[in-house]
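Beneath this line is the structure, given in structure tokens, with notes to follow.
2 protein chains.
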Amino acid sequence: MSVSRALKNSDLVSQVTRERIFKAIDELGYVLDLSAGSLSSKRTGFVAAIVPSINNSNFSDTARGITDELEKTGLQLLLAYNDYSAEREESQIEAMLRRRPEGIILTGGIHTDRSRRMLENAGIPVVETWDLPAKPIDQVVGFSNADAMSLLVKTLATKGYRKFAYIGGTTERDTRGNQRRAGFQSAIAELGLPEGRVVSFGVPPISMEQGAQAMGSVLSQWPDTEVAICVSDLSAFGALMECQRRGLKIPKDIAIAGFGNYEIAACCHPRITSVDIECYEIGRLAARKLINTIQNPEHPSRNELVLTNIRVIEREST
Amino acid sequence: MSVSRALKNSDLVSQVTRERIFKAIDELGYVLDLSAGSLSSKRTGFVAAIVPSINNSNFSDTARGITDELEKTGLQLLLAYNDYSAEREESQIEAMLRRRPEGIILTGGIHTDRSRRMLENAGIPVVETWDLPAKPIDQVVGFSNADAMSLLVKTLATKGYRKFAYIGGTTERDTRGNQRRAGFQSAIAELGLPEGRVVSFGVPPISMEQGAQAMGSVLSQWPDTEVAICVSDLSAFGALMECQRRGLKIPKDIAIAGFGNYEIAACCHPRITSVDIECYEIGRLAARKLINTIQNPEHPSRNELVLTNIRVIEREST
DNA sequence: GCCATTCATGTTAGCGATATCATTACCATG
DNA sequence: CATGGTAATGATATCGCTAACATGAATGGC
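Chains A and B, in that order, give the protein sequences.
Going by the numbering used here, the letters in the first sequence line up with residues 23 to 340, in that order.
Going by the numbering used here, the letters in the second sequence line up with residues 23 to 340, in that order.
So, in structure tokens, the structure goes:
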């Protein structure tokens with residue numbers, strides 16, 4: 023017991039004993055076994071998180087935010103990515119719950135029925151991120167993808183653009199891409215602009231290369247397009263490169279805007295107008311909320327919603 | 023015991039019992055507790071991995087390779103990133119070993135003494151990646167960063183370039199960046215070329231923005247530079263943008279090459295010459311080796327080395 | 001009809017930590 | 001000196017599972 027106490031930094035161990043313990047630990051190469059500890063104490067020290075992809079820098083920023091915040095409390099992250107598939111998410115939730123995480127962070131608000139049931143039965147706090155779910159499971163840290171895209175369209179409309187195109191993925195899986203497209207359409211309608219030209223291209227995440235190809239398609243179908251909005255900065259960059267290869271001047275011949283405020287949008291030439299969505303902050307806040315609920319189980323913060331900022335960043339490409 | 027067997031897909035459970043069990047599990051919402059299971063069976067189902075950063079797509083590709091390969095075997099990844107710090111690595115190794123992983127994958131060959139000691143005492147297979155350590159702990163899946171960079175210099179030299187510059191980070195922490203710079207220098211010396219112009223800029227990972235600034239420094243210090251090689255494609259892209267802002271023609275006025283074959287190098291305009299290093303494959307192979315050793319503990323593959331391919335990809339920027 | 005064999009299920013004893021309660025040693029106080 | 005209080009340490013049971021062995025039931029071969 024004194025060893026256990028010493029390793030937990032309890033002040034109920036005398037200095038002498040403490041030193042003897044650490045000396046012995048060092049000599050023996052003893053390493054505490056946390057699975058035994060958590061079996062006994064009912065606290066695993068795990069938090070689970072599932073993101074669509076870790077290659078896409080937006081979500082990996084969120085993962086960084088989560089990790090950084092958890093680290094302060096000594097919690098460990100169990101991270102999985104599901105390639106935008108709710109079915110893979112379901113089996114990952116199942117696998118992770120077997121590790122008895124003390125909380126779980128999900129991306130988006132769309133989950134299979136079984137996923138929802140498992141999460142409700144688990145009796146741990148859940149945070150859904152990156153979205154405003156119609157039927158939240160528990161807590162939410164996110165923003166409206168539709169509103170964000172709509173804001174971008176409206177901002178550009180005030181600059182005089184009228185003929186808009188939208189480049190996104192085939193919208194089966196990427197629910198956030200879906201909502202951005204819906205926000206695009208509704209803003210167009212609201213402003214009474216000419217019908218938006220929508221190109222759906224490939225499975226998420228839409229790559230630079232796919233953005234380039236989609237831009238080719240926009241230019242050949244609707245050569246008079248004034249501005250092309252892309253589902254992410256990566257595809258926007260691909261689109262930009264395609265225009266440059268064709269000798270088009272940006273934004274004079276055609277303007278381009280992206281989404282997500284990736285590093286590349288701020289660094290390429292011309293710089294790309296984008297929507298900043300505080301990815302790192304989403305992760306940090308989600309972890310923060312989880313930790314709060316874990317540490318104060320007496321008043322759980324069920325159904326609380328944190329709305330994160332969205333902000334259009336206008337640059338030279340529009 | 024029958025429940026335990028049924029959940030492990032043992033064929034020692036009759037169809038009837040199996041169905042009864044799953045029905046009850048469904049009704050009760052029972053979820054297996056793996057920490058209890060691993061305490062008893064001495065198998066946790068964890069593999070630990072530590073990378074320098076998860077924002078950098080090269081390392082997140084490696085993490086993807088690891089995850090994809092582990093998933094086939096039902097192993098779960100415990101992932102951490104250390105911001106290129108061997109000290110943070112040390113405390114992460116300590117934290118992870120408390121979870122009793124069945125194997126561990128590290129990036130690079132440089133670790134603190136205590137890290138090495140802990141790993142040796144842990145009695146689990148270790149794979150070092152992305153490098154050829156002078157003193158390998160156990161198994162290695164990697165390549166020589168110096169050779170790769172040297173190969174790039176030599177390839178460019180055959181095209182007639184003679185005045186080389188190198189853009190990298192201040193080389194305290196990023197050991198792989200270090201080695202690339204050394205490979206650059208040694209190739210220059212070997213070929214009898216004019217002394218390389220080295221700009222060290224910022225802490226790793228060198229961003230696009232830093233690449234741009236470093237390029238500015240190259241151009242003002244040595245305006246007659248013929249080719250600038252960058253420690254990564256991200257900084258190469260930043261450098262490229264800086265040149266374009268200054269109205270320089272690439273590669274006529276100055277050529278640019280990067281390292282890592284990021285998506286952006288293949289997609290920007292002009293496309294950037296780079297060195298491909300099979301990041302995903304490194305992850306896949308490292309996990310594969312670990313799994314082999316875990317599954318065949320009778321003949322451990324200590325000190326085995328897998329050399330991954332490096333390949334210069336010449337594009338329009340040189 | 002008996003024993004050997006196979007298949008399915010049950011029993012028991014831990015795995016290595018911590019929660020909880022018990023004990024001891026020591027000191028201060030009236 | 002007895003009493004009570006505090007600080008440090010110890011003893012025991014338990015967390016939920018699985019390894020290992022034991023048992024029972026069904027089958028088949030001679």
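Just so it is clear, CB atoms sit at the ideal spot from N, CA and C, and this is done for glycine as well.
Q) If you draw a straight line from the C-alpha of V53(A) to the C-alpha of P292(A), how long is it? A) 54 Å
Q) Taking the C-alpha atoms as reference points, what is the distance between P322(B) and V149(B)? A) 12 Å
Q. Does the count of Cβ pairs from the region 296 to 303 of chain A and the region 263 to 271 of chain A closer than 8 Å reach three?
A. no
Q.
Which of the three DSSP states is assigned to D83(B) in this structure?
A. helix
Q. Between R110(B) and the rest of its own chain, which residues show a CB-CB distance below 6 Å, the 5 nearest in sequence each way excluded?
A. N104
**Q.** DSSP three-state assignment for L50(B), whether helix, strand or coil
**A.** helix
Q) Between L213(B) and L178(B), what straight-line distance do the alpha-carbon atoms span, to the nearest angstrom? A) 11 Å
Q) Of all the CB atoms in chain B, is at least one closer than 8 Å to the CB of G260(A)? A) yes
Q) From T89(B) to R310(B), what does the alpha carbon distance come to, in whole angstroms? A) 11 Å
Q) Would G51(A) be called buried (16 or more neighbouring beta carbons within 10 Å of its own) or exposed? A) exposed
Q) With distances taken between CB atoms, is the gap from M230(A) to R202(A) smaller than 8 Å? A) no
Q. Listing by chain order, which chain B residues have their CB less than 7 Å from the CB of H133(A)?
A. Residues of chain B passing the Cβ test: none, with the nearest at roughly 16 Å.
Q: Please say whether K176(B) and E248(B) have beta carbons closer to each other than 8 Å?
A: no
Q: Report back the beta-carbon spacing between G59(B) and I316(B) to the nearest angstrom; my notes put them in contact at under 8 Å.
A: That pair is no contact at about 17 Å.
**Q.** Spatial distance of L174(B) from G131(B) (CA atoms)
**A.** 23 Å
Q: Could you spell out the range, first to last residue, of the beta strand (DSSP E) harbouring T129(B)?
A: 126 to 129
Q: On a CA-only basis, which of E41(A), L327(A), M118(A) is nearest S137(A)? Give me that one, please.
A: M118(A)
Q | One or two residues paired with D298(B) in a DSSP bridge | A | R333(B)
(Q) Under 8 Å: do the region 25 to 45 of chain B and the region 271 to 283 of chain B share three or more Cβ pairs, one atom per stretch? (A) no
Q. Alpha carbon to alpha carbon, what distance is there between S79(A) and N78(B)?
A. 8 Å
(Q) Using the three-state DSSP reduction, which class does G238(B) fall into: helix, strand or coil? (A) helix
Q) Residue range of the alpha helix (DSSP H) that F206(B) falls in? A) 197 to 213
Q) What did DSSP end up calling V175(A) once you bin it into helix, strand or coil? A) helix
Q) What three-state label does DSSP hand G164(B) in the structure shown? A) strand
Q.
Pairs of beta-carbons, one from the region 144 to 164 of chain A and one from the region 55 to 69 of chain B, closer than 8 Å: are there three or more?
A. no
Q. Sorted by chain position, which residues of the same chain lie with C-beta nearer than 7 Å to V163(A)'s C-beta, five sequence neighbours on each side aside?
A. V149, T151, I304, L307, A308, K311, V328, T330
Q. Do the region 35 to 48 of chain A and the region 190 to 199 of chain A touch if we need at least three Cβ pairs shorter than 8 Å?
A. no
(Q) If you measure between the beta carbons of R139(A) and D55(B), is that distance less than 8 Å? (A) no
Q) Which first and last residues belong to the alpha helix (DSSP H) in which C290(B) is found? A) Element bounds for C290(B): n/a, residue is neither H nor E.
Q. Can a CB atom of chain A be found closer than 8 Å to the CB of G51(B)?
A. yes
Q) Cβ atoms of G282(A) and S354(A): under 8 Å apart, would you say? A) Residue 354(A) lies beyond the residue range present for chain A, which begins at 23 and ends at 340; the question has no answer from this structure.
Q) Would you call S36(A) buried or exposed, if buried means 16 or more other Cβ atoms sit within 10 Å of its Cβ? A) exposed
Q) Whose C-alpha, out of Q232(B), I115(B), D246(B), R198(B), is nearest the C-alpha of Y183(B)? A) D246(B)
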